Each structure stands twice: as structure tokens, then as C-alpha cells.
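One structure below.
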Amino acid sequence: MAEENPLAIGIGAAIVGLALGWLLPGTQRENELMGPARDQLVDRAGETVERAKDAAVEAASEVKETVKAEIEEHKPEIKEVVQQAGQHVKDQVKEGAKKVRNEAKDAAKKSGSTPRSNS
1 MAEENPLAIG
11 IGAAIVGLAL
21 GWLLPGTQRE
31 NELMGPARDQ
41 LVDRAGETVE
51 RAKDAAVEAA
61 SEVKETVKAE
71 IEEHKPEIKE
81 VVQQAGQHVK
91 DQVKEGAKKV
101 RNEAKDAAKK
111 SGSTPRSNS
């Protein structure tokens, strides 16, 4: 995902960093040096986080729609592959059951008895 969407990873990391910064309490020295500039910076950072969050939500929505469109476009192919796989499994089960039945008959013949049928 990082290779396909480095911007989304960067935005997410920035959001996490800002959130952690907001959680930590300010120091007295920080308040003396920064004062109102800090408040303005915090306000701008909050606005930036909101815009980044909105952009991330919009990008996720676009990805979701693209994936849905791709699935819908390839639905017949997917359905055919699933049907073929199902038929293959069914054939293997039948072949396995046939082998078991034949081996049971052979074992019964060798032991001198006949197998009982559940049918």
C-alpha cells in the first residue's frame, strides 16, 4: 500500500503526529515564547488536519468506487472461474468416492465377504 499510495501514508502520519502533539500538555516556557503564535499555529494545524482528513475520506471513497467498478466489470469472468472450480472439486470428490468404493469392493473380495450397501 505504501508503494501505491505514499501520499495517503504521509497524510496519515501527519495526522497521527498532530494528534499526539495535541495530547501532550504545553510547558510554561513554551507558553512564554510562543503565546498567541502557538494558538494561531494550533488553529491552522486543526484546519489542515480537517482538510487532510476530508481528502483521505474522498480518496478512500474513490478507491472503493474503482474497486466496485472493476469487480462489476469482471463479474462474469469471476463467476465462470468459480463455477469451473466448483465443477473441478465435484469431479474430484466423485472420483475419490469411486476409488474408495472400488477399494472397499476389492478388500471385501479378498477377505471373502461382500460389502453392505447403504442405498
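In our numbering, the protein residues as written are 1 to 119. Ideal Cβ positions, reconstructed from N, Cα and C, are used throughout, including at glycine. Note that this is a predicted model, so its numbers are computed, not measured.
Anyone know if the C-beta pair for V57 and I15 falls short of 7 Å? Numbered from 1 along the sequence shown, position 57 holds the residue referred to as residue 57. Numbered from 1 along the sequence shown, position 15 holds the residue referred to as residue 15. In this structure, V57 sits away from I15, with a CB-CB distance that is not shorter than 7 Å.
Tell me the rounded alpha-carbon separation between G35 and A8. Counting from 1 along the sequence shown, the entry for residue 35 is found at position 35. Counting from 1 along the sequence shown, the entry for residue 8 is found at position 8. Between the alpha carbons of G35 and A8 lies a distance of about 32 Å.
With distance defined between alpha-carbon atoms, name the residue in Q87, A45, P6, V82 nearest to L20. Along the sequence shown, read from residue 1 onward, the residue named residue 20 stands at position 20. That would be A45, whose Cα lies nearest to the Cα of L20.
Run through DSSP, which three-state label would E4 get? On the sequence shown, position 4 is the one that residue 4 refers to. In the structure shown, E4 sits in coil (DSSP, three-state: anything other than H, G, I, E or B).
Helix, strand or coil for G26, going by three-state DSSP, please let me know. Counted from its first residue, the sequence shown places residue 26 at position 26. Per DSSP, reduced to three states, the secondary structure at G26 is coil, with no helix or strand assignment.
Would you grab the beta carbon distance between I136 and A52 for me? Rounded to a whole angstrom, and I think it's under 8 Å. No answer is possible for residue 136: the residues shown for the chain start at 1 and end at 119.
Am I right that E30 and R38 are in contact with their C-beta atoms under 8 Å? What's the rounded C-beta distance? For this step, residue 30 is matched to residue 30 along the sequence shown. For this step, residue 38 is matched to residue 38 along the sequence shown. About 7 Å separates the two Cβ atoms, so the contact holds.
Express the C-alpha separation of V82 and P76 in angstroms, rounding to a whole number. Within the sequence shown, numbered from 1, the residue matching residue 76 stands at position 76. Within the sequence shown, numbered from 1, the residue matching residue 82 stands at position 82. About 10 Å.
What is the DSSP secondary structure of V16, counted as helix, strand or coil? Taking the first residue of the sequence shown as 1, we reach residue 16 at position 16. DSSP, read as helix, strand or coil, puts V16 in helix.
Three-way DSSP call (helix, strand, coil) for H88 in this model: Counting from 1 along the sequence shown, the entry for residue 88 is found at position 88. If DSSP states are grouped into helix, strand and coil, H88 belongs with the helices.
Quick one: using the 10 Å Cβ neighbour count with 16 as the cut-off for buried, is S119 buried or exposed? Within the sequence shown, the letter at position 119 stands for residue 119. Annotation note: pLDDT 49 at S119 (below 50); position unreliable, coordinate value reported separately. By the neighbour-count rule (16 or more Cβ atoms within 10 Å), S119 is not buried but exposed.
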